[in-house]
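Engineer:
Number of protein chains: 2
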Amino acid sequence: MDLTALRTAHPDHWNKAAAIRTLTLDAVAAANSGHSGMPMGMADVATVLYEKHLKFDASAPNWADRDRFILSAGHGSMLLYSLLYLTGYPEMTLEQIKNFRQWGAITAGHPEYGHAPGIETTTGPLGQGLANSVGFAMAEEIQRARYGRKVVDHHTYVIAGDGCLMEGISQEAIGLAGRYRLGKLIVLWDNNNITIDGTVDLSDRTDQIARFRASGWHVQQIDGHDPEAIDDAITKAKATKKPSMIACKTHIALGSSAQDTSKGHGALTDSKLIEDAKAAYGWTAAPFTIPDTIKQEWERIGQRGAVERANWEVRFAGLSERRQIEFNRAYARDVPKRLGATIRALKKQASESQHKLATRASSEMVLELVNPLMPETVGGSADLTGSNNTKTADLGIFTPENRKGRYIHWGIREHGMSAAMNGMALHGGVRPYSGTFMAFTDYARPAMRLAALMRIPTVFVMTHDSIGLGEDGPTHQPVEHLAISRATPNTYVFRPADTVETAEAWELALSSKETPSVLSLTRQGVPTVRLEHKMNNLTAQGAYVLAEAEGKREAILIATGSEVSIAMVARELLQSAGIGTRVVSMPCMELFAEQDEAYRRKVLPAGPVRVGIEAAVRAGGWDRWLLGERGREAKADFVGMKGFGASAPANVLYEKFGITAEAVAGKVKALLGK
Amino acid sequence: MDLTALRTAHPDHWNKAAAIRTLTLDAVAAANSGHSGMPMGMADVATVLYEKHLKFDASAPNWADRDRFILSAGHGSMLLYSLLYLTGYPEMTLEQIKNFRQWGAITAGHPEYGHAPGIETTTGPLGQGLANSVGFAMAEEIQRARYGRKVVDHHTYVIAGDGCLMEGISQEAIGLAGRYRLGKLIVLWDNNNITIDGTVDLSDRTDQIARFRASGWHVQQIDGHDPEAIDDAITKAKATKKPSMIACKTHIALGSSAQDTSKGHGALTDSKLIEDAKAAYGWTAAPFTIPDTIKQEWERIGQRGAVERANWEVRFAGLSERRQIEFNRAYARDVPKRLGATIRALKKQASESQHKLATRASSEMVLELVNPLMPETVGGSADLTGSNNTKTADLGIFTPENRKGRYIHWGIREHGMSAAMNGMALHGGVRPYSGTFMAFTDYARPAMRLAALMRIPTVFVMTHDSIGLGEDGPTHQPVEHLAISRATPNTYVFRPADTVETAEAWELALSSKETPSVLSLTRQGVPTVRLEHKMNNLTAQGAYVLAEAEGKREAILIATGSEVSIAMVARELLQSAGIGTRVVSMPCMELFAEQDEAYRRKVLPAGPVRVGIEAAVRAGGWDRWLLGERGREAKADFVGMKGFGASAPANVLYEKFGITAEAVAGKVKALLGK
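Those protein sequence lines, which keep their order, are chains A and B.
Just so you know, we're using my numbering here: the first sequence kicks off at 3 and counts up by one.
Just so you know, we're using my numbering here: the second sequence kicks off at 3 and counts up by one.
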C-alpha cells in the first residue's frame, strides 16, 4: 500500500481521514481495548460519505428527514464516535472520546442506541445493523408514500463487514431488500478479507458480488481508499432504483505494521506501532489532538446540512396541521386519544358476548380496530399470515408498487423480520408488529434481545404458544420460551387469557415507549373469563383477582393465558368440595413485579396454598410467585410442562401431560392434606 | 400438468410414486392435520433417490456406511414415513402410518429423531436439516480420512424447501459446504414456488441457482417429475467434487385441485379432492392399501443394499481389532477408559498449583489432554479461536486438502456451526464441540434446542460468560443466557469455578450420551477454589459444599463460576465477623436437581440464611435454591444482575453492579438482622 501516493493525490481528504485513524489509535490505546483496524480501513469511505453524501445536520441530529448511517460492523465503533466528534455533534465531546469504553461514557465498546445522537442503532452482534437497515429503508418508503417526497426523502447507509455478510441474517436482509426493491438502501461492504481467525477464505469463499446480484441488488466494486472512486460509486448507488452494495476493497489497519492481518482487527496498543502509523499518515499532532484546520473542515461538513434542514422545516410547516400533528405524534410514540375508548368498547362487547375464541383471533379483532386508528402501525408475518392473524382488512400489502401498504410478507425469515422491525421502530414514525410461531422465538432471539437493550417498543406477536397447538409436535411447541422472554430485561411478556385481556395487552404494547412486548397467543379456542366489564386495564397491573374464593380462602390458583380457564374449572371443583379458592390471572409477570408491595400482597396474601398453572416449564418465573411473595415451599405446587411436548391433538396433550382442572384440584387437596 | 403423459411414460415409476402420494393423502385425512402438498410434489424425486441411488438396507437401518437422507422440509414428514413403510423398515408399520400425528405414534407431525430408524434428524424448524447436513458430510469426510474409503464412503442427501432456503441459516450452510468442498453432499430443492402466504415471489425473488453457484456449488435444474432427469441429475451430482444442488421444479400437491396453490401446502382432507386426486393417479386401491405388486417393488428397493452392506461387513472385519474397537466405541459414544485417570491427574495438578486462570484457558488445558485421547472429538469456533480456546495443538485444521483435520474454522456463523455440530453428532463416530461468546447463544438457539430435543450430546463452549468480559459492553455480556439454557429441558449447563471444576465438567460433557452440554466459561482469570484434591467428580452432583462454616452455621452462600471465589472472600469477611458461613459451589443446577432429597438437604439444610451469587439474572433458576429446598423468602437474597451490563473494565463493572464480597456479606448480615 503506497500511502504517500494516497496522501499526495488527495491531501485534504487524506488529512480528514487521518483524523479518524489517529483518534481511533489514541482512544483504543487509552482504553487498552477495542478494535482499531476497521476504522483505520474504512476511514476513507466514511469521510467521503459524510463529506459529500450523508444528509445530516450535526446541530439537529434528530431531524426526521436525515439520512441514516448504520455501522453494522459495530466493533468499529471508534469510526462512528470519531465522525460524531469531528463533525461537531454536541454530545460527542473529546472527553467522551478519551473515555472510550469506560464506565459512564457514551462511547461504549460497541455503539449503543440512546447513548448519543447520531448512533442510530445498537450494533456489535454481527449482521443486525444490516437487517435493521431493511426496516429503516422500509419505514422511509412507507412514510414517503404517506407524507410525500417533500417531507420524507432520505437514504439509509450501512457499513457492513465480512462478519455481517457471513451471518445468516444477512441473507434474510439481502433477500428482503431485493424483493422490496429498497432503492434508497446503500450498503458499503468493508471488503478487507480479514476476520479474527485469519483471512476470510479460511471459512468462506462466497462471491459476494454474485450473491447480492442474485437477489436483485445493484453492485459495484471499488478501491475503498480512492476518494474519487468512493464518491462516484455512492453517486451511482443513489441513482439506481435497486438496493445497492458497494464492495470497498480496503486494507484493515491501514498504514500500521498490523495492516492486512488478523492482529489488525483488534486493539493496536503498541506505542511504536502507533507512532509509526501516525508517521506514515504524516500526522504530527499530539494524541487526541486534531489540528484546527482539519477540525474546522470537519465541522463545516457537520454544518453542511443546516440549510437543507431549514428548507425542510419550511416544507414541513406547509403540511396541514392535522398531518403535522399526526407525523409528530407517531415520532413521539404517542397513541391517538381514541385508542383507550376503542379498547374499552371492545372489552365491553367481549365480556357481553362471552365467545370462545383463540387469543390469536382476539388479537386480530383488536388489530382490526387499532389499525384504522393508528396509521403508523405496520404489520406482518414470517409467512404465517393466516396463522398469526396479523393482517387486517385496511392495511394493504407493502410492495415496490404499493409503498402505502402497511402489511409486510416477510417470508420465512423470523430473524430478519425481527431485526427489520427494530429498524422501523428506530427510524421512527412507524410502529411495527409482526408474527411467527412462538417456538421460533429462537430464530428471532438476537433481535428480540436488542429491542430490549435499545429500549424500543417492537411488538412480537407469538402465536401457537404451547402444546395447545397440537399435532405439529414438540419442534413447534414452546415450553421454555416464556422463560426465555421473561428472563430478558426490559421485556413485557403478555399471555392474555381471553379477548378482554388480549385487548388490554395490545393497549399496553401500543402505548409502550421504551419496552418491547411479546404477545403469547393461543392457536386453540379459549372461553371468555372476563365476564364482567371493567373500565380499567387490569392487565396493566400484571395480575389481578379474577375470581374470589367463596367461604374461607384456602387456595389461590395463579394462571396465565389458556390455563386461566382451566383454573376457573378447577376452582369450581374445589368450591364444590368446600375449598374456598381464589383465581389470579397473571397476564404479565413483569408488570405485576412493578406493582407496590401492598397491591402484590392483596393479590397474593400469605396463608392459602398456591398452585401455578401454565403449559410451560416452571422455570418461567413461577418460583417467585409460588415460593416467594409470602409463599412457602410446603404450600405451593405447579401444574405445567416438565419437558418437551409431543405430537397429538391438543386436548389429548393436555390430558396426557396432566394439565387439567382435575390435576390442579388434586394438587390443592394434597397441599391442604385433604 | 399432464398426469396421463407422466403415468404412461414411466408406469412402474409412477405407481411407486403414487403409493407415496396416496399414503400421504390417507394419513393426513385420518389425522385431519398435516401437510399433503410437499410429499405429493416430491414423490418422484424421492422415489428415484431411494430406488436408484440411496445406499441403505431397510433391515439394518443403522449400518454405519449408509447414505444419509435428511428431510429438511420436515413438514413433509409423510414423505419420509411413506418411504420407510414402503421399503420395509420394520418399525414403520402400516399401523403407525394410520396413527400419523397421534399420541404415542412414531409418526409425529414432524420427523423426530429417535422415534424410528431411518429418521436421521429432527426437522420442522426450517433450514435446520440443511445445516445438519453440513455436519453429516463433514463427519463422513473426517471418518473417511481416518478409516479409509473401504469403510466410510457415503453420501448425504437433503430435501430442502423454499422455506429452508429463505431462512438465514441456509446461507451459513451453503457457505460452509462450498468452502469445505463437501462433494458428497447433495441437496434436492423442492422448487415449487409456493409458501404458506402465497407464491414465493411475494417475499423472495432470489435467483437460487446463482446464489448456490456464488458459494462454489455444482447446480442443476430439472423437471422434478421426470424420473430420467432426476436419475441423471443425481448421477451427475455424485460425480462432481463440489457440493451439489439440484433445483427440482415440482408442482406442490400434484394432481389435486389444490395443485400449485398455498392451500396445497397444508392438510388436504376434503374427500372429494382426495378421490379426484387418486383418480388422476389411476389409483383404485382402498385407503391405506398398497397393491401387492407395488409394495413388493418397494420392498425390493429396501433390500437392494443388503449385499453391499454384507460386503461392507467383510471389509470392516478387515480392519485391525484396535481400529474396529475404536470405531465402535465412538459410535456407541463411549469414552476411552483412560479419560477418568487423565481428568483426575489434571485435577490433582490444578489443586496443587493453585493457579489463577480464566476457565476458558482451563478448558483449553483439558482439551489438550482429551483430544489426543479421543480421536473422535472435532473442535471449532465461530471465528473466535483465540478467545474460545477450543483449538489444541494436535487437532489439525479441517480443509478440503486435509480431511484428517479435526478443527473447524466455522466463520462468523454460530447458527450454522451449532446445527452442523448436531449433524456430526447424529452422523455418529465423531463428538463435536465448538465455541462462541455466550451472548451469541441467541444466534445458536434453534440448534441448541434441537440438540436437547433430539437427545444428542453436542457440546457448546460458551466463553466470555458475564460482565466479566468487560469493555465490549452489554451486546456481548450475557445476563439472561444461563436462564435460557437452564430453562431448556434436557440440557446440562456447566458453570465451573476453576480448573478443577472445568475438568470435571468436560468429563461429564464428554461422557454424556443423550444430553447436550453448555459450558459457561469466563474470559477473566479466576483463582483456584478447589484446593484439596478429590478423586470423585464433585460436579457430577451438581452442587457440593466447597467450604464448611466454622462455628455455628448461620449462612450458606451458593455461587457458580467466577462468583465462587467472591463467595469465598465473603465467607472470610463473615467468619471474621463471627458468622459461620458455608460456601456451596453449584456448577450444574440440573445435576443437583437430579440428586436425591437426602443429598440436597445435606448441601442446603433448613435454617441458615442463603445468598445466591451469580453475575446474571436471578431468573436463571435461583429461586428454587433460595426460596425452595427448605429455603424461605425472609431468609434469602441474591447478588447478581438486574438488567443489562455496560461497557467498562471488568473489575469496575463488578464494583458498579454490586457483585462483590462486601455486598454479599452485607446481604447476609441484613438477613440475620446484624
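Each residue gets a CB set at the ideal place from its N, CA and C atoms; glycine is no exception.
From a predicted model like this one, the values you see are computed outputs, not experimental measurements.
Residues bridged to B:Leu559 by DSSP?
Structural biologist: DSSP lists B:Val585 and B:Val613 as partners of B:Leu559.
Engineer: Does any residue of chain A have a CB that is nearer than 9 Å to the CB of B:Glu174?
Structural biologist: Yes - at least one Cβ of chain A is within 9 Å of the one on B:Glu174.
Engineer: Is there a Cβ from chain A that is less than 9 Å from the Cβ of B:Gly116?
Structural biologist: Not closer than 9 Å to any Cβ of chain A, the Cβ of B:Gly116 fails to qualify, so no.
Engineer: Since B:Ile72 sits in a beta bridge, which residues does DSSP pair it with?
Structural biologist: B:Ile72 pairs with B:Val160.
Engineer: Note down, in chain order, each residue of its chain lying with its Cβ closer than 7 Å to the Cβ of A:Tyr52, except the 5 sequence neighbours on either side.
Structural biologist: The residues are Leu85, Thr89 and Ile303.
Engineer: How long is the line joining the alpha carbons of A:Leu548 and A:Ser587, rounded to whole angstroms?
Structural biologist: Distance between the alpha carbons of A:Leu548 and A:Ser587: 6 Å.
Engineer: Are three or more beta carbon pairs between the segment 182-198 of chain B and the segment 180-200 of chain A nearer than 8 Å?
Structural biologist: The segment 182-198 of chain B, when compared against the segment 180-200 of chain A, does not touch it at the 8 Å Cβ threshold.
Engineer: Using a Cβ-Cβ cutoff of less than 8 Å, which residues in the same chain neighbour B:Lys350 once the five nearest sequence positions on both sides are dropped?
Structural biologist: Cβ neighbours of B:Lys350 beyond the five flanking positions: His535.
Engineer: At what residue ranges does the segment 106-186 of chain B contain a whole run of the alpha helix (DSSP H), taking only runs of 4 or more?
Structural biologist: Segments of the alpha helix (DSSP H) lying fully in the segment 106-186 of chain B: 130-149, 164-168 and 171-181.
Engineer: Using the C-alpha atoms, what's the distance from B:Lys658 back to B:Pro651?
Structural biologist: Going by the C-alpha atoms only, they are around 11 Å apart.
Engineer: Suppose you measure from the CA of A:Glu174 to the CA of A:His417; what does that come to, to the nearest Å?
Structural biologist: Their backbone Cα atoms lie some 8 Å apart in a straight line.
Engineer: Please report the Cβ distance between A:Met537 and A:Arg346, rounded to the nearest whole angstrom; I am assuming they are in contact, meaning their Cβ atoms lie under 8 Å.
Structural biologist: Confirmed, Cβ separation roughly 6 Å.
Engineer: Would B:Leu96 be called buried (16 or more neighbouring beta carbons within 10 Å of its own) or exposed?
Structural biologist: Exposed, since its Cβ has fewer than 16 Cβ neighbours within 10 Å.
Engineer: On the criterion of 16 or more Cβ atoms from any shown chain inside 10 Å, does B:Lys554 qualify as buried, or is it exposed?
Structural biologist: Exposed, since its Cβ has fewer than 16 Cβ neighbours within 10 Å.
Engineer: Could you tell me which residues DSSP puts in a beta bridge with B:Asp225?
Structural biologist: B:Lys251, per the DSSP bridge assignment.
Engineer: Smallest Cα separation from B:Lys54: which of B:Val160, B:Gln222, B:Tyr91 and B:Ile232?
Structural biologist: It is B:Ile232 whose Cα lies nearest to the Cα of B:Lys54.
Engineer: Excluding sequence positions up to five away, which residues of its chain have a Cβ less than 6 Å from the Cβ of B:Thr387?
Structural biologist: Here the set comprises Lys393.
Engineer: Have a look at A:Asn391 and A:Ala421 and give me their C-alpha separation to the nearest angstrom.
Structural biologist: Their backbone Cα atoms lie some 20 Å apart in a straight line.
Engineer: Starting from A:Ala360, trace the beta strand (DSSP E) in both directions and tell me its first and last residue.
Structural biologist: From DSSP, the beta strand (DSSP E) with A:Ala360 extends over Lys358 to Ala360.
Engineer: Compare the beta carbon distance of B:Asp500 and B:Val571 with 9 Å and say whether it is the shorter of the two.
Structural biologist: No; because the gap between Cβ atoms is not below 9 Å, this pair is not in contact.
Engineer: Report buried or exposed for A:Glu604, applying the criterion of at least 16 other Cβ atoms within 10 angstroms of its Cβ.
Structural biologist: Looking at the sequence provided, one finds Lys at residue 604 of chain A rather than Glu. By the neighbour-count rule (16 or more Cβ atoms within 10 Å), A:Lys604 is not buried but exposed.
Engineer: Name the two residues that bound the continuous alpha helix (DSSP H) containing B:Thr26.
Structural biologist: Its alpha helix (DSSP H) spans residues Pro13 to Ala33.
Engineer: 9 Å is my cut-off, CB to CB: does A:Asn2 come that close to chain B?
Structural biologist: Since the first and last residues shown for chain A are 3 and 676, residue 2 of chain A lies out of range.
Engineer: Alpha carbons only, please: which of B:Leu673, B:Gln210 and B:Ala507 is nearest the one belonging to B:Leu540?
Structural biologist: It is B:Ala507 whose Cα lies nearest to the Cα of B:Leu540.
Engineer: Over what stretch of residues does the beta strand (DSSP E) that includes A:Ala384 continue unbroken?
Structural biologist: Careful: A:Ala384 lies outside any beta strand (DSSP E) and carries neither H nor E.
Engineer: Measuring CB atoms only, is the segment 152-172 of chain B touching the segment 116-136 of chain B, in the sense that at least three cross pairs come out at less than 8 Å?
Structural biologist: Enough Cβ pairs lie closer than 8 Å, so yes.
Engineer: When Cβ atoms are compared, which residues of the segment 656-670 of chain A fall closer than 7 Å to chain B?
Structural biologist: Within the segment 656-670 of chain A, the qualifying residues are Lys658.
Engineer: With which residues is A:Asp192 paired in a DSSP beta bridge?
Structural biologist: DSSP, once it has assigned bridges, lists A:Cys250 as partnering A:Asp192.
Engineer: Please tell me whether, using a cut-off of 8 Å, the distance from the CB of B:Asn391 to the nearest non-hydrogen atom of the ligand COA is below it.
Structural biologist: Judged by which ligands are present, the structure shown has none, so any question about the ligand COA falls away.
Engineer: State whether the segment 106-124 of chain A contacts the segment 423-432 of chain A, with contact taken as three or more CB pairs (one from each stretch) at a distance under 8 Å.
Structural biologist: Short answer: they touch.
Engineer: Checking the sheet assignment: what are the DSSP bridge partners for A:Ser217?
Structural biologist: According to DSSP, which records beta bridges pairwise, A:Ser217 is partnered with nothing at all.
Engineer: Within a Cβ cutoff of 6 Å, which residues of the same chain sit near B:Ala45, ignoring the five residues on either side of it in sequence?
Structural biologist: Around B:Ala45: Ala19, Ile22 and Arg23.
Engineer: Give the single residue among B:Arg317, B:Ala319 and B:Pro377 whose Cα lies nearest to the Cα of B:Leu341.
Structural biologist: Comparing Cα-Cα distances from B:Leu341 to each of B:Arg317, B:Ala319 and B:Pro377, the minimum goes to B:Pro377.
Engineer: Along chain B, which residues have their Cβ under 9 Å away from the Cβ of A:Pro491?
Structural biologist: In chain order: Val481, Glu482, Val619, Met643, Lys644, Gly645 and Phe646.
Engineer: Output, in chain order, the set of chain A residues within a Cβ distance shorter than 9 Å of B:Gln104.
Structural biologist: Glu473, Ser649, Ala650, Pro651 and Val654, listed in chain order.
Engineer: Tell me, to the nearest whole angstrom, how far the beta carbon of B:Gly39 is from that of B:Gly266; I am working on the premise that it is less than 8 Å.
Structural biologist: The pair is a contact, with the Cβ atoms about 4 Å apart (cut-off 8 Å).
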